[in-house]
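The sequence shown begins at -5 in the numbering used here and counts up one residue at a time.
Ideal placement from N, C-alpha and C gives every residue a C-beta, glycine not left out.
Since the structure is predicted, the reported quantities are computational estimates derived from the model, not experimental observations.
Accompanying notes for the structure given below.
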Amino acid sequence: RMYQNRLLFYGLLIPVGGLMLIDAVPRYTLLHGRLKDLTDPVMDVTGLWQGTWELFAPSPDQVNTRISAKVVWNDRPATDWRQPNWSVMSPWQKVRHFRRMSWYDGLCRSSNSAAWKPFCEHLVRQLTDNNPDELKALVLYQERDVIPPPDKQWRRAYSVPKYGPPQRLYVWSGHE
């Protein structure tokens, strides 16, 4: 019985590992590009797709983003909400929460604007214990830290991001 379980495990591990390897390695050849195009739908459906990791040349990721919100209450002063701060997390917390942080990073893209209203509604439920009448409004913001090329302005690796002023993404109102 144990031998059969091991065969089943390796029988699944090898194809999944192969798919992830094809997806994770940058495209260097035409064949690899075609394999990546063929496996892309499988990666999407199974949830194995990790997104693009633009870590290295020719175009590394140059923008840090974070999501914040201004919470306007009916009967008390406004408060601020921010996503967890990636730059102060321990290595273990980063490993544990990297998918959530990646999700926040994707949320602020205009291509994902359809998710802004449901996210605000989720945040309202979370902040008010399912009593949205306590809120007048919730304003969702994006803050960006654009990293200049190293030849323009050198910045140490892992330095604290320097976010610019918040840019409004969406306004939730309890009267929608």
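task = Report the rounded CA-to-CA distance for I16 versus L29, giving the unit in angstroms.
result = 7 Å
task = Report the residue from V65, Q77, P78 whose alpha carbon sits nearest the alpha carbon of E128.
result = V65
key: Test item: CB-CB of Q120 and L163 under 8 Å   = no
request  = Please check the pair L101 and A109, which I expect to be a contact at CB under 8 Å, by giving their CB distance rounded to whole angstroms.
outcome  = 6 Å
inquiry  = Assuming K30 is part of the beta strand (DSSP E), what are its boundary residues?
reply    = No beta strand (DSSP E) holds K30; the alpha helix (DSSP H) holding it covers 24 to 40.
task = Kindly indicate the opening and closing residues of the beta strand (DSSP E) around A131.
result = 129 to 140
request  = Evaluate L24 with the Cβ neighbour count: other Cβ atoms within 10 Å of its Cβ, from every protein chain shown; 16 or more gives buried, anything less gives exposed.
outcome  = exposed
ask   = Distance, Cα to Cα, V89 vs M14?
value = 18 Å
key: R70 at chain C interface by Cβ criterion, 8 Å   = Going by chain labels, chain C is absent from the structure shown, which holds only one protein chain.
key: Coarse secondary structure for Y152, derived from DSSP in three states   = coil
query = Measuring CA to CA, which of L2, R21, G11 is closest to T40?
reply = G11
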